[in-house]
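Participant:
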Ligand SMILES: [Ca+2]
Ligand SMILES: [Ca+2]
Ligand SMILES: [Ca+2]
Ligand SMILES: [Ca+2]
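Residue numbers (my numbering): 132 to 629.
1) Among the residues of its own chain, which have a CB less than 6 Å from the CB of residue 617, if the five just before and after it don't count?
2) For the candidate residues 550, 463 and 444, whose alpha-carbon lies nearest to that of residue 496?
3) Please find out if some non-hydrogen atom of ligand 1 comes closer than 6 Å to the beta-carbon of residue 546.
4) Nearest to residue 377 by CA position, among 410, 383, 391 and 525, is which residue?
5) Under 7 Å between the Cβ atoms of residue 351 and residue 365?
6) Terminal residues of the continuous beta strand (DSSP E) containing residue 594?
7) What's the C-alpha gap between residue 299 and residue 173?
8) Would you report the Cα separation of residue 168 and residue 474, rounded to the nearest angstrom?
9) Residue 492 and residue 196: beta carbons closer than 7 Å?
10) Once DSSP output is grouped into helix, strand and coil, what is the label at residue 268?
11) In this structure, does DSSP put residue 280 in helix, strand or coil?
12) Below 6 Å, is the gap between the Cβ of residue 571 and the nearest heavy atom of ligand 2?
13) Taking the CB atoms as reference points, tell me whether residue 527 and residue 176 lie closer together than 7 Å.
14) When the distance is taken between beta carbons, is residue 533 closer than 7 Å to residue 198?
15) Step through the CB atoms of chain B and report whether any lies within less than 7 Å of the CB of residue 379.
16) Measure the C-alpha to C-alpha separation of residue 406 and residue 483 and round it to an integer number of angstroms.
17) Answer yes or no: do residue 260 and residue 240 have a C-beta to C-beta separation smaller than 7 Å?
18) Work out the CA separation of residue 244 and residue 481 for me, nearest whole Å.
19) Which same chain residues end up closer than 8 Å to residue 269 when comparing Cβ atoms and leaving out the 5 residues on each side of it in sequence?
20) With DSSP run on the structure shown, which of helix, strand or coil describes residue 484?
21) How close, in whole Å, do the beta carbons of residue 251 and residue 193 come, if the pair is a contact with beta carbons under 8 Å?
22) From residue 478 to residue 413, what does the alpha carbon distance come to, in whole angstroms?
23) Can you find the residues in the same chain that come closer than 8 Å, C-beta to C-beta, to residue 307, ignoring five residues on each side of it along the sequence?
24) Does DSSP put residue 177 in a helix, in a strand, or in coil?
25) Helix, strand or coil, according to DSSP, for residue 168 in the structure here?
26) Find the nearest neighbour of residue 573 within the set 367, 359 and 542, judged by alpha-carbon distance.
27) Please classify residue 611: does DSSP put it in a helix, a strand, or coil?
28) Exposed or buried, what is residue 448 when buried is set at 16 or more other beta-carbons lying within 10 Å of its beta-carbon?
29) Per DSSP, what kind of secondary structure is residue 414 in: helix, strand or coil?
30) Quick check on residue 538: buried or exposed, where buried means 16 or more other Cβ atoms within 10 Å of its Cβ?
31) Near residue 613, what residues of its chain come up, given a Cβ to Cβ distance below 8 Å and the 5 sequence neighbours on each side ignored?
32) Residues in the same chain with beta-carbon distance under 6 Å from residue 381, minus the five sequence neighbours each way, listed in chain order, please.
33) Mark residue 159 as exposed unless 16 or more other C-beta atoms lie within 10 angstroms of its C-beta, in which case mark it buried.
34) Which whole-angstrom value is the C-beta distance of residue 625 and residue 281, which I expect to be below 8 Å?
35) In this structure, how does DSSP classify residue 382 when only helix, strand and coil are distinguished?
36) Could you say which of 611, 594 and 576 lies nearest to residue 623 if we only look at CA atoms?
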């Protein structure tokens, strides 16, 4: 049953007065309108296929962004802002910002059976990773520092990996020490789930009950880093036995109403703070840096038999989340055109995806909607509302990243850092002729051996005054001195190239 539920989740000079007027007309906070602004980037990212590039059996590719200010490098690749993905027998690191397709590098493996990953969750400081490798399998916790592209560790036997024998569906870091784990379900029906706290500094910890009596199964869990609010809910509880469909219900606990060291577990049913009643399937819960809530999944058994599929949602902090936190009414998700408190992000043109994900990356302010283009029937005939696409073996999940109006763009080329294949070098065209994830403008490693040297220089010489798209670094149609100078700038540099 656990497996089946998975697919539900589914200036120049300015006079003083002019400057003053400018200041008055600007909003007082930099990103207060993120919720309204989130718009899709021009390009999409393909995650490693479910099962990995080696074709191992898996139903799902789990993914997460390394947080901003992650101090750890993986070999010489800075981790912050990159996507970490788990599927098959491999943990993959995004080779470059914005890269996808085949530009993923293995940074760890599991020796045993294939992963059917539930989640990969990175601690707020980026130093520790929690990996739920699958149903009835251990929850692994290990330092980011053991990951390597050059020499990927085997997690099962690595001395710095702690394997916890706890039941899990999703997890969220409360801080850099305590991991909150939603246990998914106990054998049912009737389904019931709960949340426990795991002390990741104690390898012998078996978890302490935090929330019990959740009448349903398989929900996400998230903590708001700014306001310390906690949310979790019901991922699966269809109508039956006189009870209404409660799939998608999300409840909220304020700071002070929950603890990482609880003496007794909280009763889910007595918490009156309902954030959402019927939004998707309470999966992919997260908070962006403004405190808006993201929700993904899909409810194939929605109200009146009409499924809720093919989109992810964002619930606005102000007024909705704040109102619920103060004891008020749940989000109004009834009118999609009214974005005052709720937004629908539908990346899949067919809107038939019963497992649309949504993942937030703070480094690049990237709100990534993860969808499954398994089939794209012509014109999407007849599919809206149907659960036509879902997690499955071999599916290549696609990410459409949404950005607010002014996301970080360090080279000011108009491409946000988290989507920029050379984030420190202006290259608005984003040319990448060899598809390795590094933009042509910075990629003088023509033979892809991760260093720029005489082999690459010889390629440039051989293509001199020709139009070879790989050696044409500045993409102006001819290989000449401009390209030679770009190569010279990178001489003897190892990858990555920015
Ligand atoms: Ca840029
Ligand atoms: Ca750039
Ligand atoms: Ca390239
Ligand atoms: Ca080379």
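We put the beta carbon where it would ideally sit given N, CA and C, even for glycine.
Facilitator: Result, derived from the coordinates:
1) Sequence-distant Cβ neighbours of residue 617 in its own chain, meaning closer than 6 Å and more than five residues away, are 604.
2) Closest by alpha carbon: 550.
3) yes
4) 410
5) no
6) First-last for residue 594: undefined, no H or E at that position.
7) It is roughly 36 Å from the alpha-carbon of residue 299 to the alpha-carbon of residue 173.
8) 11 Å
9) yes
10) DSSP places residue 268 in coil when its eight states are reduced to three.
11) coil
12) no
13) no
14) no
15) Given the protein chain composition of this structure (a single chain), no chain B is represented.
16) 25 Å
17) No, the pair does not count as a contact, with Cβ atoms beyond the cut-off.
18) 34 Å
19) 294, 295 and 296
20) strand
21) 5 Å
22) Answer to the nearest angstrom: the Cα atoms are 19 Å apart.
23) 254, 255, 256, 258 and 259
24) strand
25) helix
26) Answer by Cα proximity: 542.
27) Coil, per DSSP.
28) buried
29) strand
30) Answer is buried; the Cβ neighbour count reaches 16.
31) 604, 605 and 607
32) 362, 364, 406, 407 and 413
33) Here the model assigns residue 159 a pLDDT of 41, short of 50, so the residue's position is not dependable, and the following value carries that caveat. Counting every other CB atom within 10 Å of its CB across the protein chains shown gives residue 159 a total below 16, marking it as exposed.
34) Wrong, their Cβ atoms sit about 11 Å apart, outside the cutoff.
35) strand
36) 576
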